[in-house]
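Going by my numbering, the letters in the first sequence line up with residues 459 to 749, in that order. Beta carbons: idealized from backbone N, C-alpha and C, even for Gly.
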Amino acid sequence: MAISLRWCERPMPELPEVETIVRTVGAELPGRIAARVFCDWPATLRPAVRKAEALLGGRRVTAVGRRGKYVVIRFDDAACAPSRPRHARESITMLVHLRMSGRLLLEPADSPPHRFVHFRLRWKDGSELRFSDARKFGRVIVTHRPEEVLGALGPEPLEAEFSADALGARIRRLRRRLKPCLLDQRVLAGLGNIYVDESLHRAGLHPLRRTDRLSDAEVVRLHAAIRAALQEGIRRNGASIDWVYPEGRMQDYFRVYGRADQPCCRCGAAVRRIVVGQRATYLCPDCQPRP
DNA sequence: GTGTTTGTTAGAGC
DNA sequence: AGCTCTAACAAACA
């Protein structure tokens, strides 16, 4: 039984949704050779179209991955004319941040692009990677130095090195409200509004708890909850990006997100909606006691 | 007009 | 001084 979400409550891409995109669209890209770049909304692309095309043209995709909420597309350093400057022979990375409404599509170059497509990367084989973004908040960055962007991100919550101790060391030295802290991409990479609420409910922690007042046991619970929430999201192919990935079903399994006034799946109490840091926040008042 | 969404930034406050 | 928080902003749409 799918819950219906209003348009403005549709899940925005967070770590599990980006991971799903990387595993589906991304898996189709390695080996393709970039030919041309099109962009009709200057703010979407950095650097501008001509320079981006000069940087990418003739390069082959070597790998597609994810860092936090960024799609990371790596290109080789070969296939460059000898006359090109030395920096052109370094590898290039294209970073895509979907922000609120971005989607990545792989379509034939001769098919008409949807009206929300503002960036296209045409491959030599006649296909195009298209970035559709109704709200134009998304960003495509072509750079020799992806670390300048990715270096600011906190650890990957699903990596083996990310232990409960690592989480505790990171957040307990801060004196912040728990939810805004977990949303901070410098603290932890990849969580957004949905998975923070889901993680806090799983952990039985109120979003207004102070990070420096969490006990060891609570940090352990939080760590397990974050990983479980993200892993379930990935297992279900993310939450409804319906028109792109109809198989994404995570939205049917939200425990609190978007479920105001509905019963808590654990105790039956009515889920509450509050606002924390100007963000809609869903919680169970019984399972997540106020600080 | 209102509310909603992400991430960045400027500025206020403690 | 340094950390934390808030407001504003980008843009679209029902």
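In the three-state reduction of the DSSP assignment, H555 falls in the strand class.
For R667, the CB contacts under 7 Å within the same chain, skipping 5 residues up- and downstream, are L636 and P749 in chain order. In the DSSP assignment, P474 falls within the unbroken alpha helix (DSSP H) covering L473 to T482. For S673, there is no enclosing beta strand (DSSP E), as DSSP gives it neither H nor E.
H659 sits in a helix when the DSSP states are folded into three classes. Across the structure, V483 and G650 are spaced so that their CA atoms are roughly 22 Å apart.
The Cβ atoms of E614 and G648 sit closer than 8 Å to each other.
Judged by DSSP in its simplified three-state form, C723 adopts coil rather than helix or strand.
Rounded to whole angstroms, L672 and L503 show a C-alpha spacing of 41 Å. Here Y653 carries a helix assignment [DSSP, helix/strand/coil].
DSSP places D623 in the helix class (H, G or I) of the three-state scheme.
Here the alpha carbons of A622 and R573 stand approximately 45 Å from one another.
Nearest to I491 by alpha-carbon distance, out of K582, M470, P747 and A501, is K582. Taking a C-beta distance under 8 Å as the contact criterion, M708 and G696 qualify as a contact pair.
Judged by DSSP secondary structure, C639 falls within the alpha helix (DSSP H) whose first and last residues are L636 to L641.
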